[in-house]
Amino acid sequence: MSIEAFQLLSRGGVQFNKNKYKKDVELFNVGKSESKSKRPAQGSELPAALDFFKYAQGAERKRKIDSVKRDEGGRSEKKRKKVSESEGNMDEDEEEATAKSDTHNNSVIPRQRHRVTTKGSNVPECAETFEALRDRYQLSSHLMLNLSKNGYSYPTGIQSYGAPILLQGRDLAAISPTGTGKTISYLLPTFVSLRAPVASAETDAGLGVRAIILAPTRELAHQIYNECLKLAQGRKWRVVLFSKATANTFSDKAVRDKIDIIVSTPLRLVASLQSGSLSLSNVRHLIFDEADRMLDNEFLPQIEEIVAACTHPDVQKAVFSATLPANAEKIALDMLRDPIRVVVGLKDTPLPLIAQSLTYVADDGSKLPSLLTYFSQPYNPPVLIFTSTQPRASSLAEELLLNGISNVDCLHAGMSTKERQDAVSRMRKGESWVMVSTEVMARGMDFKGVREVINYDFPTTVQSYIHRIGRTGRAGRSGKAVTFFTDTDGPYLKSIANVILQSGQSVPEWITKLPKPSKMKRKQMGKTKRPEMVNAARKIGRNDAIKKR
DNA sequence: TCGCTTT
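Be aware that the first sequence starts at 0, since it is given in numbering that gives the first Met the number 0, and climbs by one per residue.
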C-alpha cells in the first residue's frame with residue numbers, strides 16, 4: 000500500500016467514478032483483484048489503519064467533541080426548566096450517565112455523555128456496570144460471558160437505567176437516541192427474568208411462550224432476533240423469529256409449548272392468534288420496539304389485539320423508541336401499569352455526533368444531478384439514501400448504476416423476502432457502497448459501517464428525519480447526514496431546521512426566519528403552506544382548547 | 001396529504 004492510498008483512505012473518502020479513479024479502487028482490492036466483480040476489501044481484511052469503514056476522521060473529531068460540550072450546556076439549561084415544571088407527586092431523578100462507546104473502537108472515540116431523566120414512583124437505582132447488575136439481580140455467568148464475548152463491556156445510559164427497572168418487574172417507557180443500545184437494554188433483563196429455558200426443566204414457568212418482542216419491519220425483527228441469539232449462546236433457549244414458516248410449526252402443541260421468546264412483526268402475530276395456533280396466555284414480558292410507530296393508527300388495532308391476548312395477570316410491558324411524540328406517549332402510558340419513564344439525552348433530538356446539513360436543490364429534476372455531483376467528490380461509503388416511494392427507490396438505484404456507480408443496492412417492501420434478505424446481507428458484509436431505500440429502513444436498523452445518510456426525498460415528519468439520520472452515528476461513532484430540499488418542501492423545512500438547531504448545529508439564517516408552521520406542529524409537523532389549511536388547523540387547535548376547559 | 005409498514 001502506498002502513502003497515497005493511506006492518505007486517500009484516511010481522508011475518509013473513496014472516489015466513486017470507477018474509471019476516473021481506477022487506481023484508487025484497485026488499491027482496495029489488494030489480494031482479491033483476480034475477480035472483476037469483487038468489492039473492496041473491508042473489515043478484518045484490511046489493516047486497522049486502512050479500514051475506511053472504521054476510520055475516525057481526526058480533524059473533524061475535535062470539532063464534534065466541542066459541539067457535544069456546547070450541547071451539554073444547552074441541555075442542562077433546558078432540563079432545569081423541565082424539572083421545575085414537573086408534577087409534585089412524581090419522584091424526579093436526574094443524573095448523568097456515561098454511555099458506552101463502541102467497543103470496537105474504544106481507543107479512537109471518546110465516550111459520550113448523556114443526561115438521563117427518570118420519572119415515576121420508586122425508581123430503582125441505576126447500574127453503572129454489568130457486574131453491578133449481576134450482583135444485584137443474579138445474572139448467570141453464562142449471560143455475563145455472552146455479553147463480554149459480543150463486545151458489550153460497559154452498559155450504555157439506557158442499559159444502566161432501563162435494565163434495573165425491568166428487572167424489578169416494572170413497566171417502562173424508554174426514550175433513548177438512535178444507536179445507544181436499546182435492544183440490549185430490554186433483551187438482557189428479559190433473559191434474566193425468564194431465568195432458564197423452558198426446555199431445561201429448571202423452571203415451573205408453565206407452558207407457552209413467555210416473552211414477546213414486537214418490531215415494525217421484518218428486517219428489524221430479524222436484527223433483534225440476531226441479538227437474542229448472541230445472548231442465548233450456549234443454553235437451550237428457544238427463540239423464534241416469527242414468520243409464515245415458523246408459524247406453521249406451531250400447530251404442533253409440543254413445539255409451541257417449548258418456546259421461550261418470540262420476535263415478530265404485529266400482523267404476523269395477529270394472524271396466528273386469529274388462526275388459533277398460538278396462545279399468549281403465558282406471556283410475562285411484552286416489549287414494543289419503535290413504540291411510536293407501533294402505536295400509530297395503522298399498527299394500533301393489531302397492538303390492542305395482542306395486548307388483549309396476553310391474559311396473564313403479571314404481564315410486564317415496556318416500550319422503547321428514540322422518538323415519542325406526545326400523542327404516542329399518552330397511548331403508551333395509558334397502556335402501562337405504574338410506569339417509569341426514562342429519557343436519555345433530549346427527547347426528539349438527534350445525536351450531536353451526526354453532522355447534519357441541508358442542501359437546496361430547486362426541484363425534483365435537479366436532485367439526480369446534485370447527487371451525482373455529490374458522488375463525484377470524496378465521500379464515506381457505505382451511504383444510505385432515502386426516497387419517498389418504492390418506485391423512486393428502484394429507479395434511483397438504476398440511475399446510479401447507469402451513471403457508472405457500482406455496488407448500488409436497493410431495498411423496499413415491494414421486493415420479495417429473499418431480495419430484501421440479500422440486500423440486508425450485502426449491507427452487513429460491507430458489500431454495498433450505496434443503498435437506496437424507503438422508510439422501511441428508517442428505523443432501528445443497525446448497519447455499523449454507515450457513515451453518511453442522504454435524504455434524497457425530504458422526510459415528512461421530524462420523527463422520520465431523526466430515525467433516518469440515526470442510521471449513522473451509531474454506538475459513539477461520528478456520521479454525516481445530508482438532506483435535499485426543493486421549493487415544495489418549504490412547509491416541512493422549518494421543523495427539520497429546528498431539529499438541527501436543537502442538536503447544537505447551525506442552519507442558514509433565512510430558514511430560521513421562515514414563518515412558523517401551524518399550531519398543530521407537535522402533532523403533525525409541517526402541514527401545508529396553503530393558507531386555508533393552516534387556518535383550518537388553527538381552528539381545530541382552538542376547538543380542542545375549548546373542549547378541555 | 002400521502003406513502004410507508006405489517007399477511
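By construction, the Cβ of each residue, glycine as well, lies at the ideal position given by its N, Cα and C atoms.
Counterpart residues of residue i in DSSP-defined beta bridges
i: A354; result: K479
i: A210; result: I260 and H284
i: Y359; result: F484
i: N454; result: F385 and T482
i: M434; result: L383 and D408
i: S320; result: I174
i: I305; result: BP columns for I305 are empty, so no partner.
i: Q315; result: H284
i: V343; result: V115
i: V238; result: I260
Alpha-carbon spacing of residue i relative to residue j, whole angstroms
i: T189; j: E451; result: 33 Å
i: R234; j: S139; result: 11 Å
i: N105; j: S152; result: Any reading at N105 is ruled out, since the residue's pLDDT is 33, under 50, leaving its predicted position unreliable.
i: Y491; j: M414; result: 29 Å
i: R62; j: S502; result: The pLDDT assigned to R62 is 32, lower than 50, so where the model puts this residue is not dependable; a value taken from the coordinates is nonetheless given after this. Taking the straight line from one Cα to the other gives about 14 Å.
i: L144; j: D134; result: 15 Å
i: E303; j: E508; result: 45 Å
i: P324; j: H311; result: 29 Å
i: K512; j: V506; result: 11 Å
i: F287; j: Y160; result: 18 Å
i: S387; j: T482; result: 13 Å
i: E289; j: A480; result: 21 Å
i: Y136; j: L371; result: 54 Å
i: L193; j: G180; result: 21 Å
i: F241; j: T487; result: 41 Å
i: E218; j: T485; result: 31 Å
i: P300; j: P377; result: 47 Å
i: L285; j: F298; result: 15 Å
i: E418; j: A246; result: 21 Å
i: A98; j: K252; result: Caution applies to A98, whose pLDDT of 36 falls short of 50 and renders its modelled position unreliable; the model cannot decide the point.
i: Q420; j: T437; result: 15 Å
i: I64; j: D313; result: Below a pLDDT of 50, predicted positions are generally treated as unreliable, and I64, at 35, falls in that range; the measurement from the model is reported next regardless. For I64 and D313, the distance between alpha carbons rounds to 45 Å.
Whole-Å CB distance - residue i paired with residue j, under 8 Å assumed
i: I305; j: L268; result: 6 Å
i: A126; j: R340; result: About 18 Å separates the two Cβ atoms, so there is no contact after all.
i: D445; j: G178; result: 7 Å
i: H411; j: V439; result: 6 Å
i: R283; j: R209; result: 5 Å
i: G443; j: L352; result: With a Cβ gap of about 18 Å, G443 and L352 do not count as contacting.
i: P349; j: I510; result: Going by Cβ atoms, the distance from P349 to I510 rounds to 17 Å, so no, they are not a contact pair.
i: Q504; j: Q355; result: 6 Å
Residues of its chain near residue i, where Cβ-Cβ distance is below 8 Å and the 5 sequence neighbours each way are ignored
i: A307; result: none
Cβ shell of residue i (< 6 Å), same chain only, five flanking positions each side left out
i: V435; result: I384, A392, L395, A396 and C409
i: V343; result: H113, V115, G156, I157 and S175
Own chain residues within Cβ distance below 7 Å of residue i, not counting five before or after
i: P196; result: R234, K235, W236, R237 and D259
i: H141; result: G233 and R234
i: G205; result: N281
i: E124; result: P163
i: K229; result: N145 and N149
i: H221; result: L240
i: R425; result: D408 and S431
i: A198; result: K235, R237 and K257
Touch test, the stretch 380-388 against the stretch 211-231, Cβ-Cβ under 8 Å, three pairs minimum: The answer is no - the stretch 211-231 does not touch the stretch 380-388, with fewer than three Cβ pairs under 8 Å.
Any chance the stretch 319-333 sits against the stretch 357-370, with 3 or more Cβ pairs inside 8 Å? Output reads no: the stretch 357-370 does not touch the stretch 319-333.
Report yes or no: do three or more beta-carbon pairs, one from the stretch 253-268 and one from the stretch 220-237, lie closer than 8 Å? Flag = yes, the stretch 253-268 and the stretch 220-237 touch.
Counting beta carbon pairs with one atom in the stretch 458-475 and one in the stretch 394-402, are three or more of them shorter than 8 Å? Contact between the stretch 394-402 and the stretch 458-475 is absent, because fewer than three Cβ pairs lie under 8 Å.
Could you check whether the stretch 114-128 touches the stretch 333-350, counting it as contact only if at least three pairs of C-beta atoms, one from each stretch, sit closer than 8 Å? A contact exists between the stretch 114-128 and the stretch 333-350.
At least three beta-carbon pairs within less than 8 Å, the stretch 291-303 to the stretch 313-324: Touching, yes.
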